[in-house]
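One structure is given here, and the rest of the page talks about it.
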Amino acid sequence: MAGLILVAGALPRSVLFLCGMNAVRSPMAEQLARRMLPATIFVASAGVRAGERDPFVDAVLAEDGLTLGERHPRTLDDLEDDYFDLIVTLAPEAHHAALELTRSLAVEVEYWPTPDPTGADGTREQIMASYRDVRERLKLRISRRFLLPEAKNATD
Numbered sequence: 001m002a003g004l005i006l007v008a009g010a011l012p013r014s015v016l017f018l019c020g021m022n023a024v025r026s027p028m029a030e031q032l033a034r035r036m037l038p039a040t041i042f043v044a045s046a047g048v049r050a051g052e053r054d055p056f057v058d059a060v061l062a063e064d065g066l067t068l069g070e071r072h073p074r075t076l077d078d079l080e081d082d083y084f085d086l087i088v089t090l091a092p093e094a095h096h097a098a099l100e101l102t103r104s105l106a107v108e109v110e111y112w113p114t115p116d117p118t119g120a121d122g123t124r125e126q127i128m129a130s131y132r133d134v135r136e137r138l139k140l141r142i143s144r145r146f147l148l149p150e151a152k153n154a155t156d
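Be aware that the sequence shown starts at 1, since it is given in full-length UniProt numbering, and climbs by one per residue.
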């Protein structure tokens with residue numbers, strides 16, 4: 001990803017991706033953002049409640065050369081650092097929790113409605129297609145939010 005053009009002055013120092021159980025959408029967004037954004041930006045993810053690791057997430061991240069490693073789903077309470085410049089919520093439940101959490105804090109909260117692929121059924125390939133769709137949507141949102149138009153074309 002060398003040569004990407006970042007939005008000057010608009011980058012937060014820390015970003016938290018938040019979803020329901022930190023099993024699918026938010027860990028996927030965390031790994032994608034870690035690859036796409038400068039290493040100087042602290043990126044984390046969490047869920048409103050505890051979830052279980054999803055093997056389909058591992059599979060679609062591996063297709064992109066990414067891995068969760070030994071990471072397992074965690075909740076907001078599990079986070080060591082509880083201050084973020086930006087909280088990106090990926091599910092309605094997470095958005096409500098973030099707004100409640102930040103009521104008296106100067107933290108920017110953005111809602112990126114993202115489908116939950118865990119309800120997909122059919123063949124393994126059809127299920128994988130749902131997870132790939134979420135991965136690609138997240139890449140696009142991260143690119144649109146944090147990169148200039150010239151850089152977006154370079155990531156396509």
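Glycine included, C-beta positions come from ideal geometry on N, C-alpha and C.
Backbone CA spacing between residue i and residue j [nearest angstrom]
i	j	result
Met36	Asp54	23 Å
Glu110	Ser104	16 Å
Ala39	Ala10	16 Å
Ile87	Leu76	12 Å
Tyr131	Pro117	6 Å
Gly119	Phe56	12 Å
Ala2	Ala98	Since pLDDT at Ala2 reaches only 35, below the 50 mark, its modelled position is unreliable, and the value read off the structure follows with that caveat. About 33 Å.
Val107	Pro12	10 Å
Reduced DSSP category for residue i - H, G, I as helix; E, B as strand; rest coil
i	result
Ser104	coil
Leu86	strand
Leu147	strand
Gly122	coil
Val43	strand
Val134	helix
residue 173	Because the chain spans 1 through 156 in this model, residue 173 falls outside it and cannot be assessed.
Chain-order list of residues whose beta-carbon lies under 6 Å from that of residue i (same chain, five-residue window excluded)
i	result
Ala91	Cys19 and Gly20
His95	Thr89 and Tyr111
Cut-off 8 Å between Cβ atoms - residues of its own chain near residue i, not counting five sequence neighbours on either side
i	result
Ala44	Ser14, Val15, Leu16, Phe17, Glu30, Leu79, Asp81 and Phe84
Thr102	Ile87 and Val109
Limits of the alpha helix (DSSP H) - the one that residue i falls within
i	result
Leu61	Pro55 to Glu63
Leu11	Looking at the DSSP string, Leu11 is not in any alpha helix (DSSP H), and its letter there is neither H nor E.
Met36	Arg25 to Met36
Same chain only: Cβ atoms within 7 Å of residue i, ignoring 5 sequence neighbours per side
i	result
Val60	Met128, Tyr131, Arg132 and Arg135
Cutoff 8 Å: residue i Cβ touching any chain D Cβ
i	result
Glu136	As a matter of chain content, chain D is missing from the structure shown, which is built from one protein chain.
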